[in-house]
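Reviewing the structure listed below.
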Amino acid sequence: MRTYRIPEIAQKYVKYDMIEEHTSLPDLANARLRLLHAFLSQQASLQTHSELYTLVVSLVQLGMDTHDLIDTHQEQRSEPEMRSRQLKVLAGDYFSATFYQLLSQAGEIEMVSKISSAVSEVNRLKVNLYVRMRQLKMTSEEYLGLAVQLKSTLFQIFTEVLEGELSRVWPGILDGISRCEVIVDEIKRCENPATFDKSWSYWHILQAGSEDERMQLSQRMYEPAFINSLVEKYKVRSQLIAKLKVSADSVKVLAGKLESDKLLGELTTIVDNLFNEKTDYTPALN
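Residue numbers (numbering that gives the first Met the number 0): 0 to 285.
This is the structure:
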């Protein structure tokens, strides 16, 4: 199995002094990317394309994630804030377009079509999510399911590319890893009042809270101390960690069906790395 080198290779396309000086970019989706690279490297017919496919997916996902960071509020911004916003727009467009050039140069036109269709579907899902959020028509579990879809949709196209056992287990393991990623993100969000709004914690408390608490949340009439008290009162973190354990165990069950010890070992590393931050839980894959 080839060594996973996507973060190093991607630097050629994402590391620019102007970006680093005036704005910040989201992290690469390394759990999903490493998972994809491992599966592609395991299939003989795809080994020569494993790095190319994973690289272009990393750039497309980074482009979408960068656009998601763009502040759409209409209030007046300072010059540095405007420059940061403009660079996010341009950087996201650039990352999203670079995949087309790389695949075209390699003669992979069919893959261009697959990725383009997946991006359209991700955008459709985002619109649906934003509309329901604005209407406050959302449960915490519906939010979680849509968030997992947003993370996994681009990668789902490889179900048709992989073969045999790899194709059969790919959707389930991808869903499990994506769900774990979302939950880890949500654990971090619940610990920071600045990222609480419209998080899983927000939707959960909007359902479980008192009438007064729900009114304050729906009208965004709250201070950090109020958010922290609600997160503690409704044991949000412990509930998310319980969900993480369930998702991790589902990945563990699917991983146990793999015939390749190398692939199982790589998946173990992915899972261990993913759960190593602020989770109090590290699953052991057997």
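Where a beta carbon is used, it is the ideal one built from N, C-alpha and C, also for glycine. The model shown is predicted, which means the values in this text are computed figures rather than measured ones.
Asked, Found
"Does the stretch 162-171 come close enough to the stretch 110-123 to have 3 or more Cβ pairs within less than 8 Å?", "no"
"Three or more beta-carbon pairs under 8 Å between the stretch 79-91 and the stretch 52-59, yes or no?", "no"
"Helix, strand or coil for Ala-43 per DSSP?", "helix"
"Any Cβ of chain D within less than 7 Å of the Cβ of Gln-215?", "The structure shown contains no chain D, having only a single protein chain."
"Mind reading off the beta-carbon distance from Ser-139 to Trp-199? Whole number of angstroms is fine, and I expect it under 8 Å.", "5 Å"
"Can you tell me the Cα-Cα spacing of Val-270 and Cys-179, whole angstroms?", "9 Å"
"Could you tell me whether the Cβ atoms of Glu-164 and Leu-239 are closer together than 7 Å?", "no"
"My output table needs one value for Lys-234: the three-state DSSP class, helix, strand or coil.", "coil"
"Measure from the alpha carbon of Gly-208 to the alpha carbon of each residue in Glu-231, Arg-188, Phe-154, then state which is nearest.", "Glu-231"
"Counting only the same chain and skipping the five closest in sequence on each side, list residues whose C-beta sits under 6 Å from that of Leu-145.", "Leu-128"
"Thinking just about the alpha-carbon of each residue, which of Glu-159, Asp-16, Tyr-201, His-36 is nearest to the one in Ser-83?", "Asp-16"
"Mark Asp-92 as exposed unless 16 or more other C-beta atoms lie within 10 angstroms of its C-beta, in which case mark it buried.", "exposed"
"Select from Phe-94, Leu-124, Thr-22 the residue whose C-alpha is nearest the C-alpha of Glu-80.", "Thr-22"
"By how many angstroms is the C-alpha of Ser-44 removed from the C-alpha of Lys-125?", "34 Å"
"Is Ala-283 buried or exposed, if buried means 16 or more other CB atoms sit within 10 Å of its CB?", "Because Ala-283 carries a pLDDT of 48, less than 50, the predicted location of this residue cannot be relied on, and the following value inherits that uncertainty. Counting Cβ neighbours within 10 Å, Ala-283 comes out exposed, since fewer than 16 surround it."
"Look at the alpha carbon of Ile-226 and the alpha carbon of Pro-192, and state the distance between them as a whole number of angstroms.", "6 Å"
"Please state the DSSP three-state secondary structure of Asn-127.", "helix"
"Taking 8 Å as the threshold, find out whether the stretch 148-166 comes into contact with the stretch 4-20 through three or more Cβ pairs.", "no"
"Figure out for me which residue from Ser-228, Lys-244, Gln-218 has the closest Cα to the Cα of Glu-190.", "Ser-228"
"Scan the stretch 17-71 and note each continuous alpha helix (DSSP H) run of 4 residues or more that stays entirely inside, going in chain order.", "29-41, 49-67"
"Specify, as a first and last residue, the run of the alpha helix (DSSP H) that Arg-167 falls within.", "163-189"
"According to DSSP, simplified to helix, strand and coil, what is Asn-275?", "coil"
"Would you mind stating whether Leu-263 and Ala-30 have Cβ atoms separated by less than 7 Å?", "no"
"Taking just the CA atoms, how far does His-203 sit from Val-147?", "16 Å"
"Taking the straight line between their C-alpha atoms, what separation do you get for Ser-103 and Thr-65?", "23 Å"
"Have a look at Asn-275 and Ser-246 and give me their C-alpha separation to the nearest angstrom.", "15 Å"
"Going by alpha carbons, who is nearest to Ala-241 out of Ser-115, Arg-219, Ile-182, Val-252?", "Ile-182"
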